[in-house]
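Visitor: Sending over a structure as structure tokens; questions will come in a sec.
Residue numbers (my numbering): 399 to 769.
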């Protein structure tokens with residue numbers, strides 16, 4: 399007799415394709431053998447239907463963020479309750495027995511417990527709570543109270559959680575598209591890739607300053623950016639400021655500004671190295687993906703990347719905002735392709751053993767059984 403498939407709902411707050419969304423989708427893919435996943439997104443989310451084939455159903459509810467203006471604060475609480483009630487009714491109709499809350503700020507998930515929901519709730523902490531200020535403590539308290547498990551995506555996140563939140567460490571896994579080993583390449587293309595949405599603080603500005611220095615000794619080097627603006631004007635303006643700065647530095651022939659790509663693997667394979675120069679990263683899917691493609695990574699000591707990379711072995715860890723140090727490491731990899739290849743191979747071996755799908759699947763199933 400076949401086992402009854404479980405019905406799982408996944409509450410996700412992304413308004414565009416983000417690392418958090420991709421991580422949630424990968425989890426749904428990995429657990430498709432045991433669960434049917436329904437996804438809940440904000441009504442204004444711009445995630446295309448082509449990105450959602452792994453879910454049996456998708457609902458777009460009026461999830462509102464809490465912003466620092468009177469109207470948003472005024473509307474936040476009634477909409478919070480409204481979405482919680484809608485979610486409770488929909489899950490009751492579907493006879494769903496587990497809810498995955500993809501980040502702790504989605505308090506609608508915790509409120510289900512107060513609306514009579516008896517099933518399992520697993521809540522992730524992906525964003526550094528410090529990004530939300532004092533309100534994060536309230537959200538975390540609700541998450542800890544309502545959830546069978548609170549899941550931290552890195553030890554860095556575990557360290558910043560308050561004492562009243564007991565968390566389990568669960569690293570995000572390598573995406574399925576990165577599982578096949580890349581064809582043997584010499585990493586002889588002197589091109590650096592920067593994957594990340596155009597958001598102030600992600601570090602594209604630091605990469606431009608570093609590139610200006612690299613070209614003085616490695617004139618054939620190139621830098622490619624790939625990312626989206628998430629439909630936000632402030633991000634579009636940030637990208638325009640980067641393009642203006644590239645022109646001021648005389649880099650237009652050596653730098654390419656691209657859009658987000660559906661398959662990061664296609665723009666990573668065969669390149670010299672990848673860059674991740676964020677001011678803060680709770681984990682870093684882009685570092686994980688670049689390593690899985692056999693590329694060394696130059697990343698800042700900003701949290702999550704420090705748990706993925708081994709400094710000097712699979713890439714380089716540098717100080718936040720230090721473009722001179724970044725330029726030095728980029729130049730070293732330009733001049734030493736054998737070192738880039740050696741680091742890339744070591745990086746892939748590390749992520750496949752530590753962040754492999756089998757490890758993730760075993761640990762998430764253990765959390766479900768424990769709860």
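Think of the CB as a built atom: it goes at the ideal place given N, C-alpha and C, for glycine as much as any other residue.
Computed from a predicted model, the values in this text were never measured in an experiment.
Counting along the chain, where does the beta strand (DSSP E) carrying residue 669 start and finish?
Guide: Against the chain shown, residue 669 aligns to sequence position 271. Where residue 669 is concerned, the enclosing beta strand (DSSP E) stretches over 669-674.
Visitor: Is it buried or exposed, residue 623, if we count other Cβ atoms within 10 angstroms and call 16 or more buried?
Guide: Within the chain shown, the letter at position 225 stands for residue 623. Per the 10 Å Cβ criterion, buried.
Visitor: With 16 as the cutoff for other CB atoms within 10 Å, does residue 664 come out buried or exposed?
Guide: Taking the first residue of the chain shown as 1, we reach residue 664 at position 266. Its Cβ having fewer than 16 others within 10 Å, residue 664 is exposed.
Visitor: Tell me where the alpha helix (DSSP H) around residue 502 begins and ends.
Guide: Residue mapping note: residue 502 aligns to position 104 of the chain shown, counting from 1. Looking at the DSSP string, residue 502 is not in any alpha helix (DSSP H), and its letter there is neither H nor E.
Visitor: Does the separation of the CB atoms of residue 570 and residue 421 fall below 8 angstroms?
Guide: Position 172 of the chain shown, counted from the start, is the residue given in the question as residue 570. Position 23 of the chain shown, counted from the start, is the residue given in the question as residue 421. In this structure, residue 421 lies closer than 8 angstroms to residue 570 by Cβ.
Visitor: Suppose you measure from the CA of residue 581 to the CA of residue 605; what does that come to, to the nearest Å?
Guide: Here the question's residue 581 lines up with position 183 in the chain shown. Here the question's residue 605 lines up with position 207 in the chain shown. Going from the Cα of residue 581 to the Cα of residue 605 covers about 28 angstroms.
Visitor: Buried or exposed: residue 567, going by 16 or more other Cβ atoms within 10 Å of its Cβ?
Guide: The residue labelled residue 567 in the question sits at position 169 within the chain shown. It is exposed - the Cβ of residue 567 has fewer than 16 other Cβ atoms within 10 Å.
Visitor: Starting from the Cα of residue 539, find the closest Cα among 502, 555 and 748 and give me that residue.
Guide: By 1-based counting over the chain shown, the position of residue 539 is 141. Of the listed residues, the one whose Cα sits closest to residue 539 is 502.
Visitor: Less than 8 angstroms between the C-beta atoms of residue 648 and residue 692, yes or no?
Guide: In the chain shown, residue 648 corresponds to position 250, counting from 1. In the chain shown, residue 692 corresponds to position 294, counting from 1. Result no, Cβ atoms of residue 648 and residue 692 do not sit closer than 8 angstroms.
Visitor: Is it the case that the Cβ atoms of residue 452 and residue 414 are separated by a distance below 8 angstroms?
Guide: As a working note, residue 452 is residue 54 in the chain shown. As a working note, residue 414 is residue 16 in the chain shown. Result no, Cβ atoms of residue 452 and residue 414 do not sit closer than 8 angstroms.
Visitor: So, residue 434 versus residue 454, is the Cβ gap smaller than 8 angstroms?
Guide: Indexing the chain shown from 1 puts residue 434 at position 36. Indexing the chain shown from 1 puts residue 454 at position 56. Yes.
Visitor: Indicate whether the contact test is met: 3 or more Cβ pairs, each with one atom in the region 636-645 and one in the region 535-554, closer than 8 angstroms.
Guide: Touching, no, given that fewer than three Cβ pairs across the two stretches are closer than 8 angstroms.
Visitor: How would you label residue 736, buried or exposed, when you count the other beta carbons within 10 angstroms and need 16 or more for buried?
Guide: Residue numbering aside, residue 736 sits at position 338 when the chain shown is read from its first letter. Looking at its Cβ environment, which holds fewer than 16 other Cβ atoms inside 10 Å, residue 736 is exposed.
Visitor: Have a look at 688, 721, 666 and 727 and flag the residue whose alpha-carbon is nearest the alpha-carbon of residue 706.
Guide: Here the question's residue 706 lines up with position 308 in the chain shown. For the residues 688, 721, 666 and 727, the minimum Cα distance to residue 706 belongs to 688.
Visitor: Three Cβ pairs or more, each shorter than 8 angstroms: is that satisfied between the region 530-537 and the region 430-448?
Guide: No contact exists between the region 530-537 and the region 430-448.
Visitor: Please name the residue in 545, 431, 630 and 695 whose C-alpha comes closest to that of residue 768.
Guide: On the chain shown, residue 768 is found 370 positions in, with the first residue counted as 1. Closest by alpha carbon: 545.
Visitor: Kindly list the residues whose CB is nearer than 6 angstroms to the CB of residue 383, restricted to its own chain and excluding five residues on each side of it in sequence; keep chain order.
Guide: Outside the displayed range of the chain (399 to 769) lies residue 383, so it cannot be described from this structure.
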